[in-house]
Amino acid sequence: MPVPAAPGRLRRTAVAIAAALALVAGAVLLLGTRTDAMDWSSPHRVPHAEGQLDPDFHAPDLDGFYSSQVVEPDPETWTRVRPSGDYRVLLLAAGRSRRVAQDPQVATLVAAARKWAKAEGRVQLKVRYLSDPRTFIRDLDDAAKHDHADLIMTAGNALVEPVAAVSANYAGEDPQQFLVLGAEVAEPTANIAATDWTGSAYLGEGLPESHFYDPRAVTAPRAYAALRAGVAAVLTGYRSVIVRIPAERY
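Going left to right, the sequence shown walks through residues 3 to 252 as this note's numbering numbers them.
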């Protein structure tokens, strides 16, 4: 005949079960907020723009603009544009390690992307730090080939030349779209845009970084405004322009 469990033992068992369930729930919640928990295992329909750029964005004619054309919008003329559906954005950032930004300026750009994704409920953001210059091109190529992102953004001057080299391989049919944040590309292909401002406009090509870049010019308001302006341009079809926000207004 079974012996009934003591009341104290039952209470301890109930507490243990409750604690285990709490741990499981916490793990599920954590998994749901981790950027690598998003399922991008297959391509999906890339969302289009919802809303329009204001006239004072000074966008060129959509059928007549050219790659590397500089667009200098007035402040906040891009805020009515958002993705029409879930927008997969992969941010590849220069890092000191796989978990830490290379410098405070890159950290500022990453923070701007996280802020934007949080404010814009349709953005699915993954952040990945690239820390080995010897594998930058391979890492970028792997991302373009396997990640199924709608938009690959880069942050950090160290990635300017690698992304310029890789983007050309994905400019053909069904192109992979790139956006360089806080820097430029000297000769962009049809699938790479850039968004920056005076003081944060390094463009590689072996040119002296100090001629185009002042670390003090990289601020949170400028990074956030430039990111939103650049994404709005890409969503509305300007996929290879350079968007240069007015730094003095931010």
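Cβ coordinates follow ideal geometry from the N, Cα and C atoms, glycine included.
Quiz item: Should the stretch 131 to 147 be called in touch with the stretch 40 to 52, which here means at least 3 C-beta pairs below 8 Å?
Solution: No: fewer than three Cβ pairs fall under 8 Å.
Quiz prompt | Secondary structure of residue 116, DSSP reduced to three states | solution = If DSSP states are grouped into helix, strand and coil, residue 116 belongs with the helices.
Practice problem: Using only alpha-carbon positions, find the residue among 179, 206, 157, 212 that is nearest to residue 229. | Solution: It is 157 whose Cα lies nearest to the Cα of residue 229.
Quiz item: Cα-Cα, which of 150, 201, 172 is closest to residue 93?
Solution: With distances taken between Cα atoms, residue 93 lies closest to 150.
Quiz prompt | Range covered by the beta strand (DSSP E) that runs through residue 90 | solution = First-last of the beta strand (DSSP E) with residue 90: 89 to 96.
Practice problem: Kindly list the residues whose CB is nearer than 7 Å to the CB of residue 169, restricted to its own chain and excluding five residues on each side of it in sequence; keep chain order. | Solution: So the qualifying residues of the chain are 180, 191, 193, 194.
Quiz item: Alpha carbon to alpha carbon, what distance is there between residue 234 and residue 95?
Solution: About 20 Å.
Quiz item: Whose C-alpha, out of 200, 105, 118, is nearest the C-alpha of residue 131?
Solution: Per the Cα distances, 105.
Practice problem: Tell me where the alpha helix (DSSP H) around residue 236 begins and ends. | Solution: From DSSP, the alpha helix (DSSP H) with residue 236 extends over 222 to 237.
Exercise. Identify, in the order they occur along the chain, each residue of the same chain with its Cβ nearer than 6 Å to the Cβ of residue 200, setting aside the five sequence neighbours on each side.
Key: So the list reads 249, once near-sequence residues are dropped.
Self-check item: Opening and closing residue of the alpha helix (DSSP H) in which residue 166 lies
Solution: DSSP places residue 166 inside the alpha helix (DSSP H), whose first and last residues are 162 to 169.
Exercise. State the start and end residues of the unbroken beta strand (DSSP E) segment that holds residue 246.
Key: 244 to 246 is the span of the beta strand (DSSP E), which, as asked, contains residue 246.
Quiz item: Straight-line CA distance for residue 221 to residue 171?
Solution: In this structure, the alpha-carbon of residue 221 lies about 32 Å from that of residue 171.
Quiz item: Which residues bound the alpha helix (DSSP H) around residue 143?
Solution: For residue 143, the uninterrupted alpha helix (DSSP H) segment begins and ends at 138 to 148.
Self-check item: For residue 131, the first and last residue of its enclosing beta strand (DSSP E)
Solution: Residue 131: member of the beta strand (DSSP E) spanning 125 to 132, first to last residue.
Quiz item: Who pairs with residue 153 in a beta bridge, going by DSSP?
Solution: Residue pairing from DSSP places residue 153 in a beta bridge opposite 91, 179.
Quiz item: Can you find at least 3 beta carbon pairs, one from the stretch 119 to 127 and one from the stretch 202 to 221, that sit closer than 8 Å?
Solution: The stretch 119 to 127 vs the stretch 202 to 221: no contact.
Exercise. Return the CA-CA distance between residue 205 and residue 224, expressed in angstroms with no decimal places.
Key: Roughly 18 Å between the two C-alpha positions.
Quiz prompt | Euclidean distance between Cα positions of residue 47 and residue 76 | solution = Taking the straight line joining both Cα atoms gives about 31 Å.
Self-check item: Own chain partners of residue 251 with C-beta closer than 7 Å, once the 5 adjacent residues on each side are dropped
Solution: Closer than 7 Å at the Cβ level, and outside the excluded window around residue 251, lie 77.
Quiz item: Does residue 87 get closer than 9 Å to chain B when you measure Cβ to Cβ?
Solution: In the structure shown, chain B cannot be found, because there is only a single protein chain.
Quiz item: According to the Cβ coordinates, are residue 126 and residue 65 closer than 9 Å?
Solution: The criterion of a C-beta distance shorter than 9 Å is not satisfied by residue 126 and residue 65.
Quiz item: To the nearest whole angstrom, what separates the beta carbons of residue 244 and residue 163, a pair I think is in contact under 8 Å?
Solution: The pair is not a contact, with the Cβ atoms about 16 Å apart (cut-off 8 Å).
Quiz item: By Cβ distance below 6 Å, which residues in the same chain neighbour residue 155 in space, the five residues on each side in sequence not counted?
Solution: Counting only residues of its own chain and dropping the five nearest sequence neighbours on each side, residue 155 has a CB closer than 6 Å to the CB of 93, 181, 183.
Exercise. Work out the CA separation of residue 82 and residue 50 for me, nearest whole Å.
Key: Between residue 50 and residue 82, the C-alpha separation is close to 13 Å.
Quiz prompt | In DSSP terms, what residue 52 is bridged to | solution = According to DSSP, residue pairing for residue 52 in a beta bridge involves 84.
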